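One structure below.
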Amino acid sequence: MEKPEKKNILLILLAFFITVCVIFLCLAKSQTLKEIAISFYSYHDSPGDLAQKDSVQLTKQIKETQRRISVLQKRIENLAPATPYLIINTTKNTFVLRTKKDIIREGICSTGSYILLDAGEGQQWIFKTPKGQMRILGKITNPVWIKPDWAFIEESLPVPSKNDPERREPGSLGDYALTLGDGYMIHGTLYQRFLGLPVTHGCVRLGDDDLKTVFNNMEIGSKVFIF
Amino acid sequence: MKKLNISKKTIITFLASQIAIVVIIFILFDLIPVTREYSTISDKVSERGVNTTAQLSKESSNLIDMVRINEHHESYLRNALKLSKIDSISLLIDLRDSLAILSLKGVSIFESKISKIQINKGLKKLPDFLRDSLYSGPLQVTEDLSSIEKFPIVVKKPAKDTSEVNKTEAAPTIPKQNDVFVLMAFDNNMILEIDQQENKLAGSRFAYMNYKRQHMNWFMSRNIRSLFGSGQWGYIYQLKIEIPREDAGSIYRALPIKPFVLVRY
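Spelled out as structure tokens, the structure:
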């Protein structure tokens, strides 16, 4: 007598399982089912006040709107900087140096690695390139890198005092640097093979020739768009 | 082994019950919310007047279409100007020119060619004046789903010794290739999906399945909510675009949390 009962229980469980699956599938595919449901309906369009106008009035309205569109398009075009500006894509690690109309130069760069350096005792640094619109605040030839605390902590070296000459590292920033504020810069690199990769501590690294072109075309106050 | 003793009647009853379940779910979760949405829209159409484009001459009808297209373009440009006053990056979707544009302070900083546009039936069927109002104004994203992290942060401890430093300098960690699928929801029952155009997955299948699961759960929760809610998410107006994987990643990571989106159709 026991065996058929067990079989019945199994069948009931199977039926229950199938039902649950059917319910789940219907809910999961609800978007498709709604598309079927909406097929049953259609709307009348209502042009409203426009229907009262004759073709002369409508043509006039179109012309007026087109004139306003041209004005708006001009206003938008004028928002682009008049002088050369730099656009940096931190996801692709690419840059475009351009004017309102033309591209001057484009290529690869290196931006922030998104590494969060956790030195313990609440000391943390996140190496990301800031996003938004910035301006060139300074132009430096043969820049010297003044190493911040994290550069020593990252390498497990003792942190020297503020004005210690050990902090000065000439040559590692390339021939030029353009400052963006808060310690961020656009500069060269010794690690040319890493260009195109997100490996920096937040600064933007460019190849030697690209850096020279950017340095020569950008003035203090020029805009830099980073995204 | 004994044969299972299931009568034909039991099988028919079971199948009928399954069909009944499907029909009930269809009525409750799909037909009723869609009907509710349809009556809301029909009421708005009636409020506007009984004139239909069908009663107009072809010339008038074409001119009216031109007026609308131009007015929508004007409104798109006005809103783009409005967005240029904010400090964060906005996303402009130009369906007419098939472009997804990142704009900052009114400057177009990135453009990606849209390879495919999918608009669901409800959005296609909407009367023009309602479609205009749905797209009008910058839309602010209220919630989003994505197959990639917005901030790909990696936690690192300081090097133990100089040999470890040298090793890192010799070979930095190259970021993983990830597949990019994004869903952005607005508070007007509309969603924008940005999918990578590449069919072949670059990342792990697990990450892709995880996104698909989240995607399905999102729709399921809206469907259940629509059953009890007052029309909210009764029908989801869906716009889907496909762009190259890397471009989709750039766009998603460039946008702030709850960004503004502007659509031109």
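Protein sequences, first through last, are from chains A and B. Position 179 (the first sequence) corresponds to 179 in my numbering; numbering is contiguous. Position 69 (the second sequence) corresponds to 69 in my numbering; numbering is contiguous. All C-beta atoms, glycine included, are put in the ideal place defined by N, C-alpha and C. Since the structure is predicted, the reported quantities are computational estimates derived from the model, not experimental observations.
| Asked | Found |
| --- | --- |
| Any idea what DSSP makes of M1 of chain B, helix, strand or coil? | Low confidence applies to M1 of chain B: its pLDDT is 49, below 50, so where it sits in the model is not reliable, and the reading given next is rough at best. M1 of chain B falls in the coil class under three-state DSSP. |
| Identify every residue that forms a DSSP beta bridge with D97 of chain B. | None; D97 of chain B has no bridge partner. |
| What does a CB cutoff of less than 7 Å around A119 of chain A pick up in its chain, not counting 5 residues either side in sequence? | I153 |
| Can you tell me the Cβ-Cβ gap for L211 of chain A and S110 of chain A, rounded? I've got them flagged as a contact below 8 Å. | At roughly 12 Å, the Cβ-Cβ gap does not stay under 8 Å, so L211 of chain A and S110 of chain A are not in contact. |
| Counting only Cβ pairs nearer than 8 Å, list the residues of chain B close to C26 of chain A. | I21, V22, I25, F26, F29 |
| Identify, in the order they occur along the chain, each residue of the same chain with its Cβ nearer than 7 Å to the Cβ of I146 of chain A, setting aside the five sequence neighbours on each side. | R167, R168 |
| On a CA-only basis, which of B:N79, B:K85, B:D87, B:I86 is nearest D94 of chain B? Give me that one, please. | B:N79 |
| Mind reading off the beta-carbon distance from Y85 of chain A to V204 of chain A? Whole number of angstroms is fine, and I expect it under 8 Å. | That belief does not hold up - the Cβ atoms of Y85 of chain A and V204 of chain A are roughly 14 Å apart, past 8 Å. |
| Run through DSSP, which three-state label would K212 of chain A get? | helix |
| If we count Cβ pairs, one from each stretch, closer than 8 Å, do we get three or more for the region 118-129 of chain B versus the region 23-43 of chain A? | yes |
| Since T10 of chain B is in the alpha helix (DSSP H), which residue starts that stretch and which ends it? | 8-25 |
| Taking the straight line between their C-alpha atoms, what separation do you get for R36 of chain B and Q232 of chain B? | 10 Å |
| With burial defined as no fewer than 16 other Cβ atoms inside 10 Å of the residue's Cβ, what is the status of C26 of chain A: buried or exposed? | buried |
| Can you grab the Cα-Cα spacing for the pair V67 of chain B / T65 of chain A, in whole Å? | 8 Å |
| Which value, in whole angstroms, describes the spacing of the CA atoms of H215 of chain B and A15 of chain A? | 28 Å |
| Based on Cα-Cα distance, which residue from B:L81, B:E74, B:S75, B:Y76 lies nearest to E77 of chain A? | B:L81 |
| Pull out every residue of the region 63-93 of chain B whose Cβ sits closer than 7 Å to any Cβ of chain A, in chain order. | L63, I64, M66, V67, N70, E71, H73, E74, L77, R78, A80, L81, S84, D87, I89 |
| Whose Cβ in chain B lies nearer than 9 Å to the Cβ of N89 of chain A? | I109, F110, S250, A254 |
| Comparing C-alpha positions only, which one of B:I64, B:S57, B:K58, B:L56 sits nearest to Q57 of chain A? | B:I64 |
| Rounded to whole angstroms, what is the Cα-Cα separation between D54 of chain A and V263 of chain B? | 30 Å |
| Determine the DSSP secondary structure at L123 of chain B, reduced to helix, strand or coil. | helix |
| Tell me the rounded alpha-carbon separation between L130 of chain B and V71 of chain A. | 26 Å |
| Is DSSP giving Q66 of chain A helix, strand or coil here? | helix |
| Can you list, in chain order, the stretches of the beta strand (DSSP E) that have 3 or more residues and sit fully within the region 170-196 of chain B? | 181-186, 190-196 |
| Using a Cβ-Cβ cutoff of less than 7 Å, which residues in the same chain neighbour A80 of chain A once the five nearest sequence positions on both sides are dropped? | K100 |
| List, in chain order, every chain A residue whose beta-carbon is nearer than 7 Å to that of K105 of chain B. | L79, Q133 |
| Counting only beta-carbon atoms, is H44 of chain A nearer than 9 Å to chain B? | yes |
| Taking only beta carbons into account, state which residues of the region 41-68 of chain A come closer than 7 Å to chain B, listed in chain order. | Y41, S42, Y43, H44, D45, S46, P47, G48, L50, A51, S55, L58, T59, Q61, I62, T65, Q66, R68 |
| Are G174 of chain A and P143 of chain A close, meaning C-beta to C-beta below 9 Å? | yes |
| Roughly how far, in whole angstroms, is the beta-carbon of R135 of chain A from the beta-carbon of G202 of chain A, given that I think they are within contact range, below 8 Å? | 17 Å between Cβ atoms; not a contact. |
| Report the rounded CA-to-CA distance for M1 of chain B versus E5 of chain A, giving the unit in angstroms. | Below a pLDDT of 50, predicted positions are generally treated as unreliable, and M1 of chain B, at 49, falls in that range; the measurement from the model is reported next regardless. Computed Cα separation, rounded: 15 Å. |
| From the DSSP output, in three-state form, read off F194 of chain A for me. | helix |
| Suppose you measure from the CA of E155 of chain A to the CA of D182 of chain A; what does that come to, to the nearest Å? | 22 Å |
| Alpha carbon to alpha carbon, what distance is there between Y208 of chain B and E149 of chain B? | 13 Å |
| Take S90 of chain B as the anchor and find which of B:K212, B:N188, B:K105 has the nearest alpha-carbon. | B:K105 |
| Using a 10 Å radius around the Cβ and a threshold of 16 neighbouring Cβ atoms, would you call A20 of chain B buried or exposed? | exposed |
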